[in-house]
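In UniProt numbering, the protein residues as written are 1 to 209.
Written out as structure tokens, the structure reads:
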């Protein structure tokens with residue numbers, strides 16, 4: 001299974017990618033969940049960005065949710081690549097975070113078959129543009145399910161095989177469709193599976209453990 005080359009990490013934060021996939025659109029959906037948890041009286045939320053890369057979603061996510069009132073936020077940025085973790089660490093240092101925002105970020109190395117988080121520890125998991133690279137997808141989803149709390153939310157974003165423009169991203173033969181991904185999520189036991197029409201070239205699927 002083809003993996004993204006960390007040496008090309010600058011592509012992950014290119015102007016073209018920001019225009020094609022503005023991260024704030026998905027982050028606003030995650031923020032809604034955090035606000036629901038806060039309003040329900042929960043005083044802490046833990047979010048994992050699995051396959052964080054150089055921080056395309058992680059950094060604006062922290063800027064958006066770190067200062068939500070009445071809830072303590074932790075964002076775990078995980079990647080299989082030490083090079084990517086070094087890159088996101090540098091980007092966080094240069095992100096003009098407040099002290100509170102910087103304290104939210106926890107960088108962790110993981111493996112495809114071993115998400116290095118405790119059982120039932122995460123309220124929300126985001127995995128973006130990673131799923132098509134995973135060889136054993138049901139095993140990967142089982143790992144995500146393991147670390148999610150009961151009722152926890154998964155946001156799965158990836159390049160859509162049905163995209164007709166193909167401005168960037170992997171070749172079509174390496175992609176999945178949203179329907180294929182929904183089927184895998186269902187097979188892995190996820191519920192409340194909902195497709196969110198956020199991006200033209202990618203699908204976004206929200207589901208629950």
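Quick reminder that beta carbons are idealized off the backbone N, C-alpha and C, glycines included. These numbers come from a predicted model, not from an experiment.
Span separating the alpha-carbon of residue i from that of residue j
{"i": "residue 130", "j": "residue 115", "result": "14 Å"}
{"i": "residue 162", "j": "residue 47", "result": "29 Å"}
{"i": "residue 84", "j": "residue 54", "result": "6 Å"}
{"i": "residue 207", "j": "residue 90", "result": "32 Å"}
{"i": "residue 196", "j": "residue 94", "result": "31 Å"}
{"i": "residue 78", "j": "residue 164", "result": "31 Å"}
{"i": "residue 101", "j": "residue 29", "result": "19 Å"}
{"i": "residue 174", "j": "residue 137", "result": "13 Å"}
{"i": "residue 202", "j": "residue 132", "result": "12 Å"}
{"i": "residue 135", "j": "residue 146", "result": "18 Å"}
{"i": "residue 209", "j": "residue 42", "result": "18 Å"}
{"i": "residue 121", "j": "residue 22", "result": "28 Å"}
{"i": "residue 87", "j": "residue 151", "result": "32 Å"}
{"i": "residue 16", "j": "residue 98", "result": "28 Å"}
{"i": "residue 56", "j": "residue 64", "result": "13 Å"}
{"i": "residue 108", "j": "residue 76", "result": "7 Å"}
{"i": "residue 32", "j": "residue 70", "result": "15 Å"}
{"i": "residue 119", "j": "residue 159", "result": "29 Å"}
{"i": "residue 117", "j": "residue 60", "result": "22 Å"}
{"i": "residue 139", "j": "residue 169", "result": "24 Å"}
{"i": "residue 44", "j": "residue 73", "result": "6 Å"}
{"i": "residue 27", "j": "residue 34", "result": "10 Å"}
Cβ-based burial, residue i [other Cβ within 10 Å; buried from 16]
{"i": "residue 96", "result": "exposed"}
{"i": "residue 188", "result": "buried"}
{"i": "residue 62", "result": "buried"}
{"i": "residue 153", "result": "buried"}
{"i": "residue 200", "result": "exposed"}
{"i": "residue 191", "result": "exposed"}
{"i": "residue 194", "result": "exposed"}
{"i": "residue 49", "result": "buried"}
{"i": "residue 38", "result": "buried"}
{"i": "residue 19", "result": "exposed"}
{"i": "residue 40", "result": "exposed"}
{"i": "residue 106", "result": "exposed"}
Nearest-angstrom Cβ-Cβ length linking residue i and residue j, presumed shorter than 8 Å
{"i": "residue 205", "j": "residue 182", "result": "6 Å"}
{"i": "residue 143", "j": "residue 186", "result": "So it is not a contact: roughly 17 Å between Cβ atoms."}
{"i": "residue 51", "j": "residue 128", "result": "7 Å"}
{"i": "residue 198", "j": "residue 25", "result": "5 Å"}
{"i": "residue 281", "j": "residue 184", "result": "Outside the modelled stretch of the chain, which goes from 1 to 209, sits residue 281, for which no answer is possible."}
{"i": "residue 92", "j": "residue 111", "result": "Between residue 111 and residue 92 the Cβ distance is about 22 Å, and since that is not below 8 Å, they are no contact."}
Bridge partners - residue i, DSSP secondary structure assignment
{"i": "residue 204", "result": "157, 196"}
{"i": "residue 67", "result": "According to DSSP, which records beta bridges pairwise, residue 67 is partnered with nothing at all."}
{"i": "residue 50", "result": "78, 127"}
{"i": "residue 191", "result": "208"}
{"i": "residue 58", "result": "For residue 58, which the question treats as bridged, DSSP gives no partner whatsoever."}
{"i": "residue 73", "result": "45"}
{"i": "residue 105", "result": "75"}
(message) At 4 residues or longer, what runs of the alpha helix (DSSP H) sit wholly inside the region 110-178?
(response) Runs of alpha helix (DSSP H) with 4 or more residues, each lying fully within the region 110-178, are found at 137-147, listed in chain order.
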